[in-house]
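Here is the structure we will look at, set down as structure tokens.
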Amino acid sequence: MSTLPELLGRQVARVPDAVAVVCEGDRMSYQRLDALANRLARHLIDCGVGPETFVALALPRSLDMVVALLAVLKAGGAYVPVDPGYPVGRIAFVLADAAPLLTITDTATAALLPGTDVPLLVLDDAETAAVVAALPEAAVTDGDRTAPLEPGHAAYVIYTSGSTGIPKGVVVPHQNVVRLFGATDDWFVHTSDDVWTLFHSFAFDFSVWELWGALLHGGRLVVVPYDVSRSPRDFLRLLVQERVTMLSQTPSAFYQLMEADRAEPEFSSDLVLRRVVFGGEALDFGRLTDWYERHGDAAPVLVNMYGITETTVHVSHRILDRELAAARTGSVIGRAIPDLRSFVLDERLGVVPEGVVGELYVSGPGLARGYVGRPGLTAERFVASPFGSGERMYRTGDLAKWNADGELVYCGRVDDQVKIRGFRIEPGEIESVLEGHPVVAHAVVTPWEPAAGSRRLAAYIVPTPGRMVDGKELSAHLAAKVPDYMMPAAFVTLEALPLTANGKLDRRSLPLPEMTAIATGRPPRTPTEKILCRAIADVLGLPDVGVDRGFTNLGGDSISAIQLVGRARRAGLSVTASDVLGQPTVEALASLVEPAALTDEEHRDNGVGDITPTPIMHWLRERGGPIDRFNQTLVLRAPSGLTHLHVMAIVRRLLQSHDVLRTRMKVTETGEWLVSVLPVDAVSAEACVCHVDGSQAGEDEWGTLTAEGIATARERLALDRGMAFQVVWCDAGDYRPGRVAFVVNHFAVDAVSWRILVDDVRETWETLTVGGALASESGRTSFRRWSALLAEDARSPRRVAELPLWTGMSQTSDIRFGQRPLDTRHDVESRDRRFQMWLPVAITGPLVTSVPTALNANVNEVLLTALALAVVEQHQGRGDGTITLDLEGHGREDLFEGVDVSRTVGWFTSLFPVRFHLGRPDWQDVHRGGDAMKAALRHVKEQLRRLPDKGIGYGLLRHLNPLTASNLAAHDRPELGFNYLGRFTTGQRTDWSVLSEYGVGLDDAPGMPMAHGVEVNAATYDQTDGPVLCATWTWADGVFDKRHVRVLAEAWFRMLTALTVHAQRPDAGALTPSDVAVPSISQAEIDELEAQLRAR
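When we follow full-length UniProt numbering, the leftmost residue of the sequence shown carries the number 1, and every step to the right adds one.
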């Protein structure tokens, strides 16, 4: 196989006087082009350029750009294109990452480049021009080069955007480009009569097809000036003027060219195009019908070619026609180029059947060498093929399927699947419906995040000339043809769609929408309703909320209710979490809200001083073991551009606003714990921050760097010195997002606290970025005051009256499923075993939204019903179906008048036993989601609702009242513990989003005795494709074995699935006495009333 300079030399010899390149009226023959490139190549060789040497090209679209590109290749080097129009930060990254020997540029462009250590070769510098002009024009040979040039040597390095936001350089050798044209020649019949446009930036790999399509076949290359490429009207005229026959276009650019073609028929009729090749993004066939009304199927022939930079421009080929466009059969990309093979595979690299969507893999000689300096990423994306001996496959990250004709259909990106409210959505379907409206010329529908964790649809509309866009009219048009979950939350009118330098739709340049009232219910009217609607939307990640919607129906739970109370409080409204959860609509909730005002006690309450140990602190003391490492960690995605000053400002504000982050705990000689909160100035922000330099780290090193930083921070925790809070800043440099890990001793944090802290971090960052003034803001009631109130309440008559209830709940479970009791000497946290299981979006989505509503229950009641059923089922024959487990609650209950802890950080957790008696249900009926499932749910629900103040009284009586403590301490603790941490926003990869791979709210306490033989810590993560429930199962090795725990975990998920099935039944609602505002009504009476209503 030959190299590119060799093949170019053959065309120079064959057609020396033919025009090779045209740019803005200037023309250059093959002989002249070759001579100039040879001279410059010789100078590059003198500068040290040779095979496997990288040379950056930073030049505008011009004849000089083509000459310089050819010169680099002739010298044996590989060119690294740097588009001068790119942001300075990206240019700086490319130059630093590729580390070229030098950068070829001109005087005007050099002034725009960032300062780097890479030497500049300025072509229009007088001295340089003189040196180059004096060199021979003769062809450059291997004898002239530093080493022989081989087909396998690198020809170019093109940087593409990575999913993490970090560009990656793709290295492509000569032989890849040469074989591309050999493999496709039968389709295109390349000749010297063809005229090609270099329409795209040379930093986009479509330019490789355009450039060499002309020069390897003796054709003419028309370099399209940037301004012309952005003016469809001017470009149309250029196509006619230069009599272009071979045109390459991204669909976004061609759609605009179609508009110009329709508007100027006098130019349209003079086109001599032979082929139009589409690539770079998905093509909407239906939008071509307008083109085919004016042009036949063969003048020109339209071709859809799918490809990626890593596979050398093109992978597949499909000729289009009028019939295919009218059928609107999706983006058919055809069959692979003859020397490539394509596979549609599942997650285990298994071949998927026809019609089933999988990930597209490509193998064959078109595969790039890999990524510059990224061996880990190269190994991850270029994988061994199970279908060929020693062959590599490229994992494209694109979704595809095979149709009945054996052709590939493009189905979107793996990492950008659009899911809204758990529903998979194809934006192209919505776009097609919108473009069916006479007012719409072009439409783009794209995901949009109006708030962190919220994903909605935004529609961008380019109206037909002379028409005005009416959002309500378009909403009505859509509502008649698509379901409500496909309705855009906002409509934005644009004069034209923005394009990237590569001619693709520039989604990043689409303006942020302004909200419109779309299908969210009746709008709020009063100031209170407006505040509540906005607060609910923010907490639940919704674009807007109507007053006729309910908090729980929208997916709210008890923990997010506390967040809402805090936001309302900051807006001057007083409302309780029980009101939030109990009212069916925002309108009803607003009627209960009162203005908030600080009491005299709250004005005096700064949280500093001695703290009365709370029940959960006493529980921890009884466990024993070291407590400095008893911590929780949360890792956030830090924005690019974060500096040391920013980090210190954030940490200082957190220390000032949240007193428990300054907690100190000393142990007396008798083992008593003395807990206190230090003054604001007693803890230095500098002592709380650990900086990790990751500016030179690759993507595959970030996990290790972050984990090492967290380990160091944990070692720095020391409660006896007031060091309860540490921050690890993993600094990725100026142009990449880093990570910030918050490591907090569990004494000072819980699941609700994390949400408060994350909100404050985001708010502080936003204030800093706009130059605003920072103000500290603590919770309305300090943790210190709360702990004192709990101690008083523990001795109150109403609390002591709960003793018989808790004595009964503390009875040992009839089911004993451990192999032996816990041994505090051996069963410690460092010896525990754990694994995680994830419940799919299809089950989790309804489980945390529609299922609780349908069953008249909350999420915790649903989860516990399934868990109790799983335990009883797995231990049939052992006892009478009674199970006792320890349940964690958030502990922030409405106990005291005038007390508000909704924005108070601290360890509020309550822990209490709860006993369920499920008997011996019909297990087949349970798995079918039948009446047996309803009966179990009713029992669990009513048992939990029997507990006053959601169970907080157990800890008060067990640990803070000496008259009742011994009674409850006499009972063994349950073997099983359960904790639901609520919902977290993760996976969004936005600034300050939570990175779930490091765990959220999970304790780390090496050396501390385990509290239970088995523990389940569950949380719902709102990721880009919908919510998923993650369950972390932890157990004492020797008390249980992994197989036993795994079987139990799988049984729990099966029960949760059965509950979602049950919720779909017409009679699913598990109405119980606690739901009815009628004293002394029995379950039998409720069942009878329901039966009578159904009979009507």
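Glycine included, C-beta positions come from ideal geometry on N, C-alpha and C.
Item: Closest by C-alpha distance to M1, when choosing among R322, G152, L40 and V545; Value: G152
Item: K934 burial status per 10 Å Cβ neighbour count (16 or more: buried); Value: buried
Item: Check whether V635 and C688 have beta carbons under 8 Å apart; Value: no
Item: Pair within 8 Å by beta-carbon distance, residue 1131 and L120; Value: Outside the displayed span of the chain (1 to 1096) sits residue 1131, for which this structure offers no information.
Item: Spatially closest choice to V740 from L768, S192, Y371 and S993, by CA coordinates; Value: S993
Item: Given K950 as reference, the closest of L887, H1012 and M487 once Cα atoms are compared; Value: L887
Item: Length at least 4, wholly inside the region 219-288: the alpha helix (DSSP H) runs in chain order; Value: 226-229, 232-241, 251-263 and 265-268
Item: Beta-carbon proximity of residue 1100 to T764, cut-off 8 Å; Value: What is shown of the chain runs 1 to 1096, which leaves residue 1100 out entirely.
Item: First through last residue of the alpha helix (DSSP H) which encompasses R32; Value: Y30 to D46
Item: C-beta contact flag for V444 and E431 at 8 Å; Value: yes
Item: Whole-angstrom distance between D922 and Q876, CA atom to CA atom; Value: 12 Å
Item: Residues sharing a beta bridge with S910, DSSP; Value: G889
Item: C-beta atoms of G428 and G280 nearer than 8 Å; Value: no
Item: Beta carbon of G1013 nearer than 8 Å to that of L864; Value: no
Item: Own chain residues within Cβ distance below 7 Å of E802, not counting five before or after; Value: P948, G953 and L957
Item: Residue of A577, S1082, D339 and P513 minimising C-alpha distance to V492; Value: P513
Item: Proximity to R567 [Cα-Cα], best of L589, I531 and G550; Value: I531
Item: C-alpha distance - V362 paired with R395, whole-angstrom precision; Value: 7 Å
Item: Residues sharing a beta bridge with Y156, DSSP; Value: Y79 and V172
Item: Residue(s) in a DSSP beta bridge with Y460; Value: V444 and V492
Item: At least three beta-carbon pairs within less than 8 Å, the region 621-636 to the region 740-750; Value: yes
Item: Per-residue burial, R816 [other beta carbons within 10 Å of its own, 16 or more giving buried]; Value: exposed
Item: 4-residue-minimum alpha helix (DSSP H) runs that sit fully inside the UniProt domain "Carrier" (523-597), ordered along the chain; Value: 527-540, 558-570, 577-582 and 586-590
Item: Cβ-heavy atom distance, F984 to the ligand MG, below 7 Å; Value: Among the components of this structure there are no ligands whatsoever, and the ligand MG is therefore not found.
Item: Length of the line joining the Cα atoms of R421 and G982; Value: Residue placement at R421 cannot be trusted, given a pLDDT of 43 that sits under 50; the coordinates are not used to answer.
Item: Start and end residues, alpha helix (DSSP H) containing Q696; Value: Here Q696 belongs to no alpha helix (DSSP H), and DSSP marks it neither H nor E.
Item: Delimiting residues of the beta strand (DSSP E) encompassing K401; Value: R392 to W402
Item: Residue of T670, E672 and R653 minimising C-alpha distance to D681; Value: R653
Item: For H317: DSSP bridge partner residues; Value: R335
Item: Residue from V177, D548 and M28 with nearest C-alpha to L73; Value: V177
Item: Alpha helix (DSSP H) runs contained entirely in the region 778-861, provided each spans 4 or more residues; Value: 783-793, 797-800, 803-809, 841-847 and 850-854
Item: Residue closest to V315, alpha-carbon to alpha-carbon, out of P840, V667, D227 and V409; Value: V409
Item: V469 versus L494: straight-line alpha-carbon distance, rounded; Value: 10 Å
Item: Beta-bridge pairing of F978 - partner residues as DSSP gives them; Value: L887 and V1016
Item: Collapsed DSSP secondary structure at residue 1102 in the structure displayed; Value: Look at the range of the chain in this structure, 1 to 1096, and you will see that residue 1102 is not part of it.
Item: Through-space distance from L1089 to A925, alpha-carbon basis; Value: Checking the displayed sequence, the identity of residue 925 turns out to be Asp instead of Ala. Each residue's alpha carbon lies about 24 Å from the other.
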